[in-house]
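These notes are about the structure you will find just below.
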Amino acid sequence: MTVLTQAEISEFIDRAFAEDIGPGDITSDNVVPENARLRVALETREDIVVAGLDIALDCFRKLVPDAKITKHCEDG
438 MTVLTQAEIS EFIDRAFAED IGPGDITSDN VVPENARLRV ALETREDIVV AGLDIALDCF
498 RKLVPDAKIT KHCEDG
């Protein structure tokens, strides 16, 4: 199994955001207030195996560095 360094993960996230977000979304930029807040709970109907949780959290933290994130499970 290949293990990525934190620098490689960060570079991957930066490239993904550059590709997917680009210069932004004109509708969101004009409709969603800059100080908008969001609360999210991910729930499933059945038991699942979680994979990539730490990378997902890195993505959220890159977008919102002061995000308050509570994990209720671990990978695997």
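Numbering (our numbering), first residue to last: 438 to 513. We put the CB at the ideal spot given by N, CA and C, even for glycine.
Point to revise | Whole-angstrom C-beta distance between valine 487 and aspartate 431, which should lie under 8 Å | key: Shown here, the chain extends from 438 to 513; a query on residue 431 therefore has no answer.
Exercise for review: Output the boundary residues of the alpha helix (DSSP H) element that contains arginine 498.
Suggested key: Sequence index remark: in the sequence shown, residue 498 carries index 61 (1-based). 490-500 is the span of the alpha helix (DSSP H), which, as asked, contains arginine 498.
Review point. Just how far apart, CA to CA, sit glycine 461 and arginine 482?
Key: Taking the first residue of the sequence shown as 1, we reach residue 461 at position 24. Taking the first residue of the sequence shown as 1, we reach residue 482 at position 45. Computed Cα separation, rounded: 33 Å.
Review point. If isoleucine 450 sits next to cysteine 496, beta carbons under 8 Å apart, how far is it from one beta carbon to the other, in whole angstroms?
Key: Against the sequence shown, residue 450 aligns to sequence position 13. Against the sequence shown, residue 496 aligns to sequence position 59. Rounded, the Cβ-Cβ distance is 6 Å, consistent with contact.
Review point. Out of curiosity, what's the CA-to-CA distance linking cysteine 510 and threonine 442?
Key: To locate residue 510, count along the sequence shown from 1; it is residue 73. To locate residue 442, count along the sequence shown from 1; it is residue 5. Between the alpha carbons of cysteine 510 and threonine 442 lies a gap of roughly 22 Å.
Practice item. Classify isoleucine 485 as helix, strand or coil using the three-state DSSP reduction. Key: Walking along the sequence shown from the start, residue 485 turns up at place 48. Annotated three-state conformation of isoleucine 485 is coil, per DSSP.
Exercise for review: Report the residue from Ile492, Ala478, Arg476, Val468 whose alpha carbon sits nearest the alpha carbon of alanine 444.
Suggested key: As a position in the sequence shown, residue 444 is number 7, starting the count at 1. Minimum Cα distance to alanine 444 is reached at Ile492.
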